[in-house]
Amino acid sequence: MHINEKRLLAEFLELVRIDSFAGQEREMADYLTKKLIELKAEVVEDDAGKTIQGNAGNLIAKIQGNACKPALLFAAHMDRVSPGFGIKPIVENGIIRSDGTTILAADDVAGITVILEGIRTAKEQSIPHGDLEIVFTIAEEGGLSGSKALDCSQLTAKCAYFLDSDGPVGTIINQAPAHKNLDLIFHGRASHAGVKPEKGINAIQAAAEAISNMNIGRIDNETTTNVGIINGGTAVNIVPDLCELNCEVRSLDSVKLETQINQMTQAAENSATKYNTEIDIKITDCYSAFSIPESAEVVSLAEKAARSIGVTPIIQMTGGGSDASIINKKGIPSVVLGLNYQDVHTKAESIAVADLVKAAEYVAAIIAQA
Ligand SMILES: [Zn+2]
17 MHINEKRLLA
27 EFLELVRIDS
37 FAGQEREMAD
47 YLTKKLIELK
57 AEVVEDDAGK
67 TIQGNAGNLI
77 AKIQGNACKP
87 ALLFAAHMDR
97 VSPGFGIKPI
107 VENGIIRSDG
117 TTILAADDVA
127 GITVILEGIR
137 TAKEQSIPHG
147 DLEIVFTIAE
157 EGGLSGSKAL
167 DCSQLTAKCA
177 YFLDSDGPVG
187 TIINQAPAHK
197 NLDLIFHGRA
207 SHAGVKPEKG
217 INAIQAAAEA
227 ISNMNIGRID
237 NETTTNVGII
247 NGGTAVNIVP
257 DLCELNCEVR
267 SLDSVKLETQ
277 INQMTQAAEN
287 SATKYNTEID
297 IKITDCYSAF
307 SIPESAEVVS
317 LAEKAARSIG
327 VTPIIQMTGG
337 GSDASIINKK
347 GIPSVVLGLN
357 YQDVHTKAES
367 IAVADLVKAA
377 EYVAAIIAQA
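All residue numbers for the sequence shown refer to the numbering used here, where the first residue is 17 and numbers rise by one.
What follows is the structure, given as structure tokens:
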């Protein structure tokens, strides 16, 4: 399947120049609405933006099928991380980068452009297809807020492809962990550190001992934990009365996840008892795990399509969460596909033009093979 590389690259470069952050996707949403209408899609924008006081909603587009084939859903996210303001892309030796002062936003502009170009190609080459549904979400980077607010009842696809992962084109992510955050606040008692230290209760010390008794890092092949942020104390001469720890636990297995949450909570409670501090414990459910069998249609179609364009499929799990975690939970079998972007969320982020072309061809192949 021939992909129009020049058009694809031009669209990618145009899209990365549009500033688009979680809650500030207006310009991107307007641009994409126009592009989707050009593809003869019916486009609806929902009010997901309200949940984060944002200025745009998720875009939900539908292109009517021209053949009796299954409906497919393709999705990517419109927002990006910082520093992603005023991106000036540079193309050199087939590689696209930023000028070094910002990210490139290939995550997830690459996803958006290969969906648009893949569908455009399929239409131009008169490939018979079922209904095509396209979702461009807001605020993925801001805690998956757009997909969490998405009403899936209007979507009919039973196979969803999220173009939003690293790994070579042909990478099919069929498993991702559940994720919970654990926030622990130790309340001690302030006192002058030099004059009356015995009157104080050191919240940092209590927190430190709690951390030293926690299982941290890789627990097993499907479970990880982390203490990511510690905040406490106001001055070097005051016994600190407050220390906050922000921790997380991820696991493919919900029982293992609970075990680690309990282990970390218990360590905190034991330490709080020992040092006589009060403790606030807050557990937040971020998203659920998903695990789609390799025999499922959404995976086997992705495999077949990869082979049809000479790419070896790589089926694997990830340790990260994405919109697919949310949409799986809402009942649409979803996998995440690799775009081979490199060093995402850093100023060194890059993507090869050849990978953009291959990924667009892959989208067209999934449509063709369905
Ligand atoms: Zn992303």
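Ideal Cβ placement from N, Cα and C applies to all residues, glycine included.
Everything numeric in this text was worked out from a predicted model, so none of it was measured.
Query	Result
Alpha-carbon to alpha-carbon, Arg23 and Gly110	15 Å
Sequence ranges, alpha helix (DSSP H) only - wholly within the segment 208–244, length at least 4	219–228
Secondary structure of Glu149, DSSP reduced to three states	strand
DSSP three-state assignment for Lys320, whether helix, strand or coil	helix
Residues bridged to Asp180 (per DSSP)	None, per the DSSP bridge assignment.
Nearest-angstrom Cβ-Cβ length linking Ile299 and Leu160, presumed shorter than 8 Å	So it is not a contact: roughly 17 Å between Cβ atoms.
Boundaries of the beta strand (DSSP E) in which Glu21 is found, first to last residue	Where Glu21 is concerned, there is no enclosing beta strand (DSSP E), although the alpha helix (DSSP H) it sits in stretches over Glu21 to Val32.
Chain-ordered residues, beta carbon under 6 Å from a heavy atom of ligand 1	His93, Asp123, Asp124, Glu156 and Asp180
Given 8 Å, three or more beta-carbon pairs between the segment 248–256 and the segment 200–213	yes
Nearest residue (CA-CA) to Gly81, options Val243, Glu238 and Ile143	Ile143
Contact set for Asp257: own chain, Cβ-Cβ below 8 Å, skip 5 residues either direction	His203, Gly204, Arg205, Ala206, Gly216, Ile217 and Ala219
Met44 - DSSP class collapsed to helix/strand/coil	helix
Contact check, Val265 vs Ile277, beta carbons under 8 Å	yes
Run of the alpha helix (DSSP H) containing Lys139, from where it starts to where it stops	Ala122 to Glu140
Beta-carbon proximity of Asp46 to Gly127, cut-off 8 Å	no
Given Ala305 as reference, the closest of Ile131, Ser270, Gly73 and Thr328 once Cα atoms are compared	Ser270
Exposure label - Cys263; buried when at least 16 CB within 10 Å	buried
Neighbourhood of Glu225 by C-beta, 6 Å cutoff - its chain only, sequence neighbours within 5 removed	Ser287
8 Å contact criterion, which Val379 and Ile189 should meet: CB distance rounded	Not a contact, Cβ separation roughly 16 Å.
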